[in-house]
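K.L.:
Here you go, one structure.
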Amino acid sequence: MSVNTDYQETVREVIVELFENLSALLVFIVAGVFLVPILLLLVTSVKSKTEIFTDPLALPQELQIENYANAWTTGGFDHYFMNSVIVVSVALVLILLLSSLAAYALVQFDFPADDFLLVFFLAGFMIPPQVLLVPLYTIMNALNLLNTYFSLIFAYVAFGLPFSVFLLRQFFVTIPDTYAEAARMDGCTELQVFFRIYLPLSMPALAAVAIYQFVFLWNEFLYAIIFITDDAKRTLPAGLMAFQGQYAGDWAQLAAGIVIAVTPTVIFFLLFQRQFMRGISMGTTKG
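At position 52 of the sequence shown (counting the first as 1) the number is 52 in the UniProt record's numbering, and the numbers step up by one without a gap.
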């Protein structure tokens, strides 16, 4: 009996170890599928034109760092980058401020139709942005906002609010009401309760919203190419398309431009990844 038990335990340990090895192999393969194109892009960005066409998979014999300088200056990425920084920064601040205030109101105040309001916000991020392109274009044209930063900022805020309100509301309901009640007893107004209690406690959720929205806004292409026609006001995704058309045969500068375009999102995520994971995992324990 003891022999059979030991044998079963040994078989179980072998199966578990085999499963762990297969899982590690699968993770390695999946990571390779995603990392190989990125590494190829990085290698291409520091190659010469001749090396790209003669041996595209080989490492460069000499690093061509000037590809980045040429893409930044002659390709116009300097003003594309600044345009994206302006539009995304303003839109992100507005999204965080308005969505946190709306989520606080949904949690702390009793509205006659607060459930309907929550459903209304939920319906907002179920509608694809492409469906609203023509109506928004008509509105922006009527307001004379086309070819301005405001057209993108207003559209981005409108699309960013529904998901942000939902996520922050789910986090706010996990904060004990006793904190707000104690602050009110000390004479705090509702805005003071919001800024002194809820905002400091909700930093992980705010970081999660900020990362999610930053990646979406920084890479948004459709509205950026439709609403902005002046090259001097284009954001990075639209500018990258114009750059591709102008330097279609220069794969080295094009790869350098792509690296410049995606680097901010990677850095932003790496800086706030812990808060992002905490914000996503928290706020799901109470509805």
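Positions of the beta carbon are idealized from the N, C-alpha and C atoms, including for glycine.
Classify E220 as buried or exposed, calling it buried when 16 or more other Cβ atoms lie within 10 Å of its own Cβ.
P.N.:
Position 220 of the sequence shown, counted from the start, is the residue given in the question as residue 220. Counting Cβ neighbours within 10 Å, E220 comes out buried, since at least 16 surround it.
K.L.:
Which residue wins for smallest C-alpha separation from L101, given the options E20, K49, L191 and V90?
P.N.:
Looking up residue 101 in the sequence shown gives position 101. Checking every option, the nearest Cα to that of L101 belongs to L191.
K.L.:
Mapping DSSP to helix, strand and coil, what is K286?
P.N.:
Indexing the sequence shown from 1 puts residue 286 at position 286. Note that K286 has pLDDT 45, beneath the 50 cutoff, so the model's placement of it is unreliable and the number below is only indicative. Coil.
K.L.:
Between L42 and V259, which are expected to be in contact by the criterion C-beta below 8 Å, what is the C-beta distance as a whole number of angstroms?
P.N.:
Taking the first residue of the sequence shown as position 1, residue 42 is located at position 42. Taking the first residue of the sequence shown as position 1, residue 259 is located at position 259. Rounded, the Cβ-Cβ distance is 7 Å, consistent with contact.
K.L.:
In three-state DSSP terms, what is M1?
P.N.:
For the purposes of this step, residue 1 is identified with residue 1 of the sequence shown, where counting begins at 1. Low confidence applies here, because M1 scores a pLDDT of 49, under 50, leaving its location unreliable and the question unanswered by this model.
K.L.:
I need the straight-line Cα distance from R234 to Y80, nearest angstrom please.
P.N.:
Position 234 of the sequence shown holds residue 234. Position 80 of the sequence shown holds residue 80. Cα-Cα distance, rounded: 6 Å.
K.L.:
Are there 16 or more other CB atoms within 10 angstroms of the CB of T285, so buried, or fewer, so exposed?
P.N.:
Within the sequence shown, the letter at position 285 stands for residue 285. Because T285 sits at a pLDDT of 46, beneath the cut-off of 50, its placement in the model cannot be relied upon, and the point is left open.
K.L.:
Go through its chain and collect everything with a Cβ distance to Q130's Cβ below 8 Å, but skip five positions before and after it.
P.N.:
Here residue 130 refers to the residue found at position 130 when the sequence shown is read from its first residue. Cβ neighbours of Q130 beyond the five flanking positions: L222.
K.L.:
Can you tell me whether DSSP reads G76 as helix, strand or coil?
P.N.:
Position 76 of the sequence shown, counted from the start, is the residue given in the question as residue 76. In the structure shown, G76 sits in coil (DSSP, three-state: anything other than H, G, I, E or B).
K.L.:
How is the alpha helix (DSSP H) around L217 delimited, first residue to last?
P.N.:
Walking along the sequence shown from the start, residue 217 turns up at place 217. L217 -> alpha helix (DSSP H) spans M203 to N219.
K.L.:
When DSSP labels each residue in this structure, what does P128 get in the three-state scheme?
P.N.:
Taking the sequence shown and counting its residues from 1, the one referred to as residue 128 is at position 128. If DSSP states are grouped into helix, strand and coil, P128 belongs with coil.
K.L.:
Can you check which of these residues, S151, F34 and N70, is closest to S45 by C-alpha distance?
P.N.:
As a first step, residue 45 is located in the sequence shown; it is residue number 45 there, counting from the start. Here the closest residue by C-alpha is N70.
K.L.:
Please tell me whether S99 and L161 are closer than 7 Å, where the distance is taken between their beta carbons.
P.N.:
Within the sequence shown, numbered from 1, the residue matching residue 99 stands at position 99. Within the sequence shown, numbered from 1, the residue matching residue 161 stands at position 161. Against a cut-off of 7 Å, the Cβ pair of L161 and S99 comes out as a contact.
K.L.:
Starting from V173, trace the alpha helix (DSSP H) both ways and give me its first and last residue.
P.N.:
Here residue 173 refers to the residue found at position 173 of the sequence shown. Counting along the chain, V173 falls outside any alpha helix (DSSP H), and DSSP gives it neither H nor E.
K.L.:
In terms of residues, what are the limits of the alpha helix (DSSP H) holding E51?
P.N.:
Position 51 of the sequence shown, counting from 1, holds the residue named residue 51. K49 to T54 is the span of the alpha helix (DSSP H), which, as asked, contains E51.
K.L.:
Would you decide whether Q273 is buried or exposed? Buried here means 16 or more other CB atoms lie within 10 Å of its CB.
P.N.:
Start at 1 with the first residue of the sequence shown, and residue 273 comes out as number 273. Exposed is the call here.
K.L.:
In whole angstroms, give me the CA-to-CA distance for G124 and N144.
P.N.:
As a first step, residue 124 must be located in the sequence shown, where it is residue number 124. As a first step, residue 144 must be located in the sequence shown, where it is residue number 144. Distance between the alpha carbons of G124 and N144: 25 Å.
K.L.:
Keeping to the same chain, check which residues put their C-beta closer than 6 Å to that of Y156; ignore five residues upstream and five downstream.
P.N.:
On the sequence shown, residue 156 is found 156 positions in, with the first residue counted as 1. Same-chain partners within the cutoff: A91 and L217.
K.L.:
Could you spell out the range, first to last residue, of the alpha helix (DSSP H) harbouring N141?
P.N.:
Here residue 141 refers to the residue found at position 141 when the sequence shown is read from its first residue. Run containing N141: L133 to A142, per the alpha helix (DSSP H) assignment.
K.L.:
Could you tell me which of V30, L152, A252 and D186 sits nearest to P237, measuring between CA atoms?
P.N.:
Locating residue 237 in the sequence shown gives position 237, where the first residue counts as 1. The residue with the shortest Cα to Cα distance from P237 is L152.
K.L.:
Can you give the Cα-Cα distance for I225 and F121, rounded to whole angstroms?
P.N.:
Here residue 225 is taken as the residue at index 225 of the sequence shown, counted from 1. Here residue 121 is taken as the residue at index 121 of the sequence shown, counted from 1. Near 27 Å, if we compare the C-alpha coordinates of F121 and I225.
K.L.:
Does DSSP classify F19 as helix, strand or coil?
P.N.:
Taking the sequence shown and counting its residues from 1, one reaches residue 19 at position 19. DSSP places F19 in helix when its eight states are reduced to three.
K.L.:
Helix or strand or just coil, what does DSSP make of F97?
P.N.:
As a position in the sequence shown, residue 97 is number 97, starting the count at 1. Looking at the sequence shown, residue 97 is not Phe but Leu. Correct three-state label for L97: helix.
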